[in-house]
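Working notes, beginning with the structure itself.
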Amino acid sequence: MYSELEFSERSGSLLESCESELERVVARKFLGAGIHLERGPRTLVGRPDFRVSATNILIFAHGCYWHRHRCSAGSRTPKSDVLYWTGRFARQVERDSFVLAQLRCGGWEVCVVWECEVDALDPKRVMDSRSASVSVALANTGNRHAYANQ
Ligand SMILES: [Zn+2]
Numbered sequence: 058m059y060s061e062l063e064f065s066e067r068s069g070s071l072l073e074s075c076e077s078e079l080e081r082v083v084a085r086k087f088l089g090a091g092i093h094l095e096r097g098p099r100t101l102v103g104r105p106d107f108r109v110s111a112t113n114i115l116i117f118a119h120g121c122y123w124h125r126h127r128c129s130a131g132s133r134t135p136k137s138d139v140l141y142w143t144g145r146f147a148r149q150v151e152r153d154s155f156v157l158a159q160l161r162c163g164g165w166e167v168c169v170v171w172e173c174e175v176d177a178l179d180p181k182r183v184m185d186s187r188s189a190s191v192s193v194a195l196a197n198t199g200n201r202h203a204y205a206n207q
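So the mapping is simple: the numbering used here equals the position in the sequence shown, first residue as 1, plus 57.
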């Protein structure tokens, strides 16, 4: 597909374009596995973080706190202004599920990588799990559909 030089040039500019450390870690994992990533199309709803080049696979790198993952980080709520934060988090969760539904309707495969699970992310499994509309590809479990209904 690309020459090695092209691959490393593209990889460098992709890494430079990352807006968070989490995005950088995810991008490095895919690039390290020899899988070409590019920025998600900016015109799509939810502005996906990445797209696997030449495929219909989109990748979101989600921080557990803001996106309310079902883990300890995603369950924390500030002690003050509880009503405000509860509402804000609820809107975020609603928005995320709307975005996923819209993208899936549009024919995209969507993979959500959670911050607390990024170490176990196996990009090759993401490629293998294309029939799962939302999946977390974990290296050490057969449990990749665990978050499909979030
Ligand atoms: Zn989490």
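A virtual CB, placed ideally from N, CA and C, is assigned to each residue, including glycine.
Query                                                                                                                                                             : Result
Suppose the cutoff is 6 Å on Cβ atoms and the five residues either side in sequence are ignored; what does the same chain contact list for residue 134 look like? : 142
Would you mind working out which of 110, 165, 172 and 177 sits nearest residue 102, comparing C-alpha positions?                                                  : 165
If you drop the 5 nearest sequence neighbours on each side, which residues of the same chain put their C-beta closer than 7 Å to that of residue 74?              : 96
Rounded to whole angstroms, what is the Cα-Cα separation between residue 111 and residue 124?                                                                     : 28 Å
Measuring from the CB of residue 172, is there a heavy atom of ligand 1 at a distance below 7 Å?                                                                  : yes
Could you check the C-alpha separation between residue 79 and residue 120 for me, to the nearest Å?                                                               : 8 Å
Between residue 157 and residue 150, how many whole angstroms is the CB-CB distance? I'm expecting something under 8 Å.                                           : The pair is not a contact, with the Cβ atoms about 11 Å apart (cut-off 8 Å).
Determine, using beta carbons only, whether residue 130 and residue 83 come nearer to each other than 8 Å.                                                        : no
What three-state label does DSSP hand residue 173 in the structure shown?                                                                                         : helix
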